[in-house]
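Trainee: Have a look at the structure that comes next, please.
2 protein chains.
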Amino acid sequence: MREKFHDELAELGNQLTNMCRLAAESMRRANTALLTADLALAEQVLGSDSDLDDARAECEIHAQSLLALQAPVAGDLRTTLAAVYCAEKIERMGDLAAHIADTARFGHPDRVVPAELEATFAELGDVAAGMADRLAERITGDATGAYAELHETDNTIDSLHAGVLRLITGDRWEHGVQSATSLALLARFYERFADQAVSVAKRLEFAETGGLPSR
Amino acid sequence: MREKFHDELAELGNQLTNMCRLAAESMRRANTALLTADLALAEQVLGSDSDLDDARAECEIHAQSLLALQAPVAGDLRTTLAAVYCAEKIERMGDLAAHIADTARFGHPDRVVPAELEATFAELGDVAAGMADRLAERITGDATGAYAELHETDNTIDSLHAGVLRLITGDRWEHGVQSATSLALLARFYERFADQAVSVAKRLEFAETGGLPSR
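If you're matching them up, the sequences are chains H and E in order. So for the first sequence, this note's numbering puts the first residue at 11; every next one is plus one. So for the second sequence, this note's numbering puts the first residue at 11; every next one is plus one.
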């Protein structure tokens, strides 16, 4: 019974890992769609967002049935609850990638990101997708230190995000208000994607070590 | 034992109700701070955000101990899990109100919202805070129809939000890029506050009626 339970928990971990890989892929595709004004790719990201929604629902149903049938306690209970929490956050990461794809679609056939910000957005997308990859590894491996690691990467995102805001609100901005507004919201989607990743890492680590994070 | 469990669930409901009231209050104060450039009030909102964080942690610890000690099933399990879910969303509503207060603080002594948008932002704040009030009533009362109701109110928020974006990106905008960028992000905080409220309503209703919402 107990061994079966741990198999089930491992399966829950696999589901979350799969969700992280989907989120990473959506972020990479959305980012490429944005930087190359690729309408078909943007629509692909938008169309596949429901896969993550479904994966989240499956994860939650699985966790709920574990709680009902096995009534786990202590660390097993924490891990099961953490899976529900993380599934929701990873689904949100997918939503944010979809928002980026939607911005690309809305802007098509124009490129939303002007030349001087292309490198910054390329890096935002790379770093954010990398965070989702890293989570995927951490979920099935050792989560110790995951929070500190992802938090550190999040600082990179924060400074890229701040750089975007500085540029668009600076004196030398030549692309007008509409472009600036759109880029400010866009940059925030990457920042929020990264925040969710940090939040997942924090929860994973706390599920392993004991306490409950206040945030 | 069973009766005691339902007392505990009712107590969990009271905790969530209290969180909704805190979120409504934060939104009202943040909105006033924003519209009147009231620095002290903005700082009060920012200082009290940790109350919601603490309330969330308490709610989660309470739910976790119910799961561990009582091993609820079916509707009771759904309700207990819904409480964890809702507590997280309501805490996020508080964060978004704090972001609004932070924008007011950052802009002080200037008013961030220009005269022609004051009425719109006043309404955004009123409607959003009203959604949190409504949730507070629904949590301890009957949640049937809560999702449809809050979803309807959310349409008002969405159209106010769209109105802000239309104005700041229109040809007659006279307040420059920095103001437009700041207002676009601000408007999104209200919109996200409302989205969380809808999400809570949906979860409350599903916990009562059975299924699991895919989103």
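Where a beta carbon is used, it is the ideal one built from N, C-alpha and C, also for glycine.
1) Look at the alpha carbon of GLU18/H and the alpha carbon of SER75/E, and state the distance between them as a whole number of angstroms.
2) Would ALA190/E count as contacting chain H if we go by Cβ distances under 8 angstroms?
3) From the beta carbon of THR179/H, is the nearest beta carbon of chain E less than 8 angstroms away?
4) Measure the alpha-carbon distance for GLN25/E versus ASP105/H and round it to whole angstroms.
5) Quick check on GLN74/H - is its C-beta less than 8 angstroms from some C-beta in chain E?
6) Straight-line CA distance for ASP112/E to LEU45/E?
7) Taking the alpha-carbon positions, what's the THR176/H to GLY186/H distance?
8) Give me, in chain order, the residues of the same chain whose beta-carbon lies closer than 7 angstroms to that of HIS109/H; leave out the 5 immediate sequence neighbours on both sides.
9) Using a Cβ-Cβ cut-off of 8 angstroms, state whether VAL123/E counts as contacting chain H.
10) Identify which residue in MET29/H, SER169/H, TRP183/H has its Cα closest to the Cα of THR130/H.
11) LEU87/E and ASP61/E: beta carbons closer than 8 angstroms?
12) Identify each residue in the segment 188-213 of chain E for which the Cβ-Cβ distance to at least one residue of chain H is less than 7 angstroms, and report them in chain order.
13) Using 10 angstroms around the beta-carbon of ARG12/H, count the other beta-carbons present and answer buried if the total reaches 16, otherwise exposed.
14) Is the beta carbon of ALA34/E closer than 8 angstroms to that of ALA142/E?
15) Quick one, which of GLN54/E, GLY180/E, ARG182/E, LEU49/E has its alpha-carbon nearest ASP120/E's?
16) Does DSSP put LEU148/H in a helix, in a strand, or in coil?
17) Determine the burial state of ILE149/E: buried for a count of at least 16 other Cβ atoms within 10 Å of its Cβ, exposed for fewer.
18) Which term fits LEU100/H, buried or exposed, when burial requires 16 or more other beta carbons within 10 angstroms of its beta carbon?
Mentor: Looking at the coordinates:
1) 22 angstroms
2) yes
3) yes
4) 29 angstroms
5) So yes, GLN74/H belongs to the interface.
6) 13 angstroms
7) The displayed chain sequence assigns Arg, not Thr, to residue 176/H. Spanning the two alpha carbons is a distance of roughly 14 angstroms.
8) PHE199
9) no
10) When C-alpha distances from THR130/H are compared across MET29/H, SER169/H, TRP183/H, the shortest belongs to SER169/H.
11) no
12) Here the close residues are GLN188, ALA190, THR191, ALA194, LEU195, ARG198.
13) exposed
14) Yes, the Cβ-Cβ distance between ALA142/E and ALA34/E is below 8 angstroms.
15) LEU49/E
16) Before going on, a small fix: residue 148/H reads as Arg here, not Leu. Helix.
17) buried
18) Per the sequence shown, the amino acid found at residue 100/H is Ile instead of Leu. With 16 or more other Cβ atoms within 10 Å, it is buried.
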